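Accompanying notes for the structure given below.
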Amino acid sequence: MTRILERDGTRMAVMDFGGVEKDVCLEYLPDLRVDEYAIVHVGFALQRLDEESARKTLGLFEELGLLQEEFGDPWEAAAASGPALEWAAADAAAGAASAAATASAEADR
Amino acid sequence: MKYLAEFQNPDLAKGLLDDIRATVTRPWALMEVCGGQTHTIIRHGIDQLLPDEVELIHGPGCPVCVTPLEVIDKALEIASRPEVIFCSFGDMLRVPGTDRDLFRVRGEGGDVRVVYSPLDALEIARENPHREVVFFGIGFETTAPPNAMTVHQARKQNIRNFSMLVSHVRVPPAIEAIMTSADCRVQGFLAAGHVCSVMGTAEYPELAEKFRVPIVVTGFEPLDILEGVRRTVRQLERGEHTVDNAYPRAVRPEGNPAARAMLEDVFEVTDRAWRGIGVIPQSGWRLSDKYRDQDAEHRFDVTGINTCEPSACRSGEVLQGLLKPNECEAFGTTCTPRTPLGATMVSSEGACAAYYLYRRLGTPAANREASPVG
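Residue numbers (numbering that gives the first Met the number 0), protein chains in the order written: chain L, 0 to 108; chain S, 0 to 373.
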């Protein structure tokens with residue numbers, strides 16, 4: 000979230016969606032602070048994005064990867080890297096269109 | 000955008016996939032409830048990366064797809080009136096009604112406008128005090144709070160030329176309907192994360208217990224889906240059936256209490272027909288008595304609607320997870336996103352549209368053979 004404003008007696012905010020700024024209604028998340036992230040859907044902030052939870056989840060995923068490296072079958076790991084790379088490429092191509100098409104987005108600041 | 004790319008990291012997907020492979024010992028059928036999740040799965044080929052034992056069945060969580068034909072026909076009728084400005088989310092415009100769609104209405108001179116948010120429709124009402132502005136209020140528990148707030152604001156700001164055509168739906172009664180249907184193969188659910196961001200998780204333990212199915216609240220990025228699958232498979236292999244939250248960065252057990260309170264005030268629970276599925280008891284919301292005068296169905300007396308579904312369309316079976324989109328004879332031939340027979344081919348959350356967009360044109364077996372993992 001970038002800044003807070005008031006319009007027609009409604010609590011609003013300007014939020015940055017990866018470079019695109021949009022007005023978002025804050026009535027359901029009135030205590031959201033500048034620099035925090037939120038789940039935004041059709042112009043409404045519906046839930047604060049909990050950064051600590053996000054980091055914890057990513058940490059868990061990293062641990063799973065390390066465990067597999069230590070105990071897993073290296074041939075299987077090599078085979079799995081093929082489609083994973085392709086996924087990254089497909090993502091770059093489809094990314095922008097799909098981000099716009101999905102109704103929900105995790106907003107940047 | 001923060002915490003999007005991080006949850007799409009292919010390197011981290013490997014660890015999750017390996018853990019699922021190491022855990023699974025026999026076949027399991029999981030349903031992802033939400034159409035947004037279906038799109039992530041098909042776009043990233045997650046169904047093809049998973050071990051053969053894990054099947055993903057696509058659920059009915061596409062709000063555009065399940066909006067009943069009768070309501071679409073009412074929308075078409077209201078939108079055709081000269082005094083009306085009819086506002087809607089974009090993907091409703093190509094959804095086929097009995098004999099046309101909202102695009103056709105616009106082509107015939109109707110004032111049909113696409114908006115990003117229901118608040119945009121309220122703004123249009125403010126700017127056009129001599130016109131009737133109607134917003135098409137559809138969606139699950141994620142979209143219902145924004146629509147409820149807009150009705151509430153219209154009342155508060157005394158904008159009298161604004162009304163809403165409401166056809167909201169709720170996830171838990173749909174899970175109940177799926178589990179009690181005779182053809183049900185579902186053994187575990189990836190619950191829709193953003194629905195739970197609003198509603199919390201309190202509605203789900205009863206369902207998990209009653210049907211002895213694990214229900215794992217799941218997000219929308221590829222790693223979120225894999226984590227939802229991993230946790231569901233783990234429960235199934237252990238013979239457990241609890242509610243688990245694999246999307247804690249956006250879901251708290253209590254959801255968003257302010258949004259839930261607004262829903263309670265503006266809407267009331269009602270039976271709702273789901274397109275292609277049929278009536279599911281207590282599965283919808285309509286405007287409560289207090290807000291009845293802002294109900295477009297009440298304000299515009301729409302009668303004489305005779306609905307008729309195209310017979311070639313099997314979207315009902317797709318929505319219930321009984322048929323994969325590319326198993327339908329019409330898929331990609333007489334039915335495409337430009338000339339859709341059913342809403343599942345139109346919506347950005349429709350399973351048929353996902354299969355078409357990401358080129359799953361052949362049979363599932365052929366696709367599996369053609370995939371790089373073999």
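Heads up, the beta-carbon is just placed ideally off N, CA and C, and yes, glycines get one too. As the structure is a prediction and not an experimental result, all values here were calculated from the model.
Cβ neighbour criterion (16 or more within 10 Å) applied to S:A260: One-based indexing of the second sequence puts residue 260 of chain S at position 261. Looking at its Cβ environment, which holds fewer than 16 other Cβ atoms inside 10 Å, S:A260 is exposed.
Top-ranked residue by Cα proximity to S:C334, from S:D264, S:C312, S:L322, S:G254: Residue 334 of chain S sits at position 335 when you count from the first residue of the second sequence. By alpha-carbon distance to S:C334, the top candidate from S:D264, S:C312, S:L322, S:G254 is S:C312.
Interface flag, L:A53 vs chain S, CB-CB below 8 Å: Mapped onto the first sequence, residue 53 of chain L falls at position 54. Output row for L:A53: interface = yes.
Enclosing alpha helix (DSSP H) for S:F210 [first to last residue]: As a working mapping, residue 210 of chain S is identified with position 211 in the second sequence. Secondary structure note for S:F210: its alpha helix (DSSP H) is the uninterrupted segment 204 to 210.
C-beta atoms of S:N127 and S:V197 nearer than 8 Å: Within the second sequence, the letter at position 128 stands for residue 127 of chain S. Within the second sequence, the letter at position 198 stands for residue 197 of chain S. Going by C-beta atoms, S:N127 is not nearer than 8 Å to S:V197.
Simplified DSSP assignment, three categories, for S:H57: By one-based count along the second sequence, residue 57 of chain S stands at place 58. In this structure, DSSP gives S:H57 an extended state, which the three-state scheme calls strand.
CB contact flag (S:L164, S:A342, <8 Å): Translated into positions along the second sequence, residue 164 of chain S becomes position 165. Translated into positions along the second sequence, residue 342 of chain S becomes position 343. In this structure, S:L164 keeps its C-beta atom at 8 Å or more from the C-beta atom of S:A342.
Alpha-carbon spacing of S:Y115 relative to S:L11, whole angstroms: Counted from its first residue, the second sequence places residue 115 of chain S at position 116. Counted from its first residue, the second sequence places residue 11 of chain S at position 12. Cα to Cα, the separation comes out at about 34 Å.
is_contact[S:Q234, chain L] using C-beta, thresh 8 Å: For the purposes of this step, residue 234 of chain S is taken as the residue at position 235 of the second sequence. At least 8 Å separates the CB of S:Q234 from every CB of chain L.
When S:T231, S:V111, S:F299 are compared against S:D243, the one with the closest alpha-carbon: The residue given as residue 243 of chain S occupies position 244 in the second sequence. Check the Cα spacing between S:D243 and each of S:T231, S:V111, S:F299: the tightest is with S:T231.
Helix, strand or coil at S:H193 according to DSSP, with G and I counted as helix: Position 194 of the second sequence holds residue 193 of chain S. In the structure shown, S:H193 sits in a helix (DSSP, three-state: H, G or I).
Closest residue to L:H40 among S:R237, S:A258, S:P324 (Cα-Cα distance): Residue numbering aside, residue 40 of chain L sits at position 41 when the first sequence is read from its first letter. When each option's Cα is compared against that of L:H40, the closest is S:A258.
Which listed residue (S:H193, S:Q156, S:A143) has its alpha carbon closest to that of S:V32: Start at 1 with the first residue of the second sequence, and residue 32 of chain S comes out as number 33. Here the closest residue by C-alpha is S:H193.
Partner residues on chain S for L:T9, Cβ-Cβ distance less than 7 Å: Residue mapping note: residue 9 of chain L aligns to position 10 of the first sequence, counting from 1. Neighbours of L:T9 in chain S, taken as residues at a C-beta separation under 7 Å, are given in chain order as Q152.
L:G64 at chain S interface by Cβ criterion, 8 Å: On the first sequence, position 65 is the one that residue 64 of chain L refers to. Output row for L:G64: interface = yes.
Against chain L: residues of the region 250 to 274 of chain S by CB proximity under 7 Å: Answer in chain order: N255, A257, A258.
Distance, S:R80 Cα to S:E131 Cα: Counted from its first residue, the second sequence places residue 131 of chain S at position 132. Counted from its first residue, the second sequence places residue 80 of chain S at position 81. Counting only the Cα atoms, S:R80 lies some 10 Å from S:E131.
Three-way DSSP call (helix, strand, coil) for L:A44 in this model: For the purposes of this step, residue 44 of chain L is taken as the residue at position 45 of the first sequence. Under the three-state reduction of DSSP output, L:A44 falls in the strand class.
contact_flag[the region 11 to 30 of chain L, the region 93 to 104 of chain S] where n(CB pairs < 8 Å) is 3 or more: Output reads no: the region 93 to 104 of chain S does not touch the region 11 to 30 of chain L.
Whether S:F210 touches S:Q36 by CB criterion (8 Å): Along the second sequence, read from residue 1 onward, the residue named residue 210 of chain S stands at position 211. Along the second sequence, read from residue 1 onward, the residue named residue 36 of chain S stands at position 37. Annotated as distal: S:F210 and S:Q36, with beta-carbon spacing of 8 Å or more.
Complete beta strand (DSSP E) runs within the region 253 to 281 of chain S (minimum length 3 residues, chain order): Qualifying beta strand (DSSP E) stretches, in chain order: 266 to 273.
Identified DSSP bridge partners for S:D100: By one-based count along the second sequence, residue 100 of chain S stands at place 101. Looking at the DSSP assignment, S:D100 forms no beta bridge with any residue, so it has no partner.
Residues that S:H167 bridges to, as DSSP identifies them: As a working mapping, residue 167 of chain S is identified with position 168 in the second sequence. S:H167 is bridged to S:G138, S:W284.
Cutoff 8 Å: S:G14 Cβ touching any chain L Cβ: Here residue 14 of chain S corresponds to residue number 15 of the second sequence, with the count starting at 1. At least one chain L Cβ lies under 8 Å of S:G14.
L:G64 vs S:G14 beta-carbon contact at 8 Å: Here the question's residue 64 of chain L lines up with position 65 in the first sequence. Here the question's residue 14 of chain S lines up with position 15 in the second sequence. Contact annotation: L:G64 and S:G14 have beta-carbon atoms nearer than 8 Å.
Within 8 Å, strictly: CB atoms of S:P50 and S:I19: The residue you call residue 50 of chain S lines up with position 51 of the second sequence. The residue you call residue 19 of chain S lines up with position 20 of the second sequence. Yes. Within cutoff.
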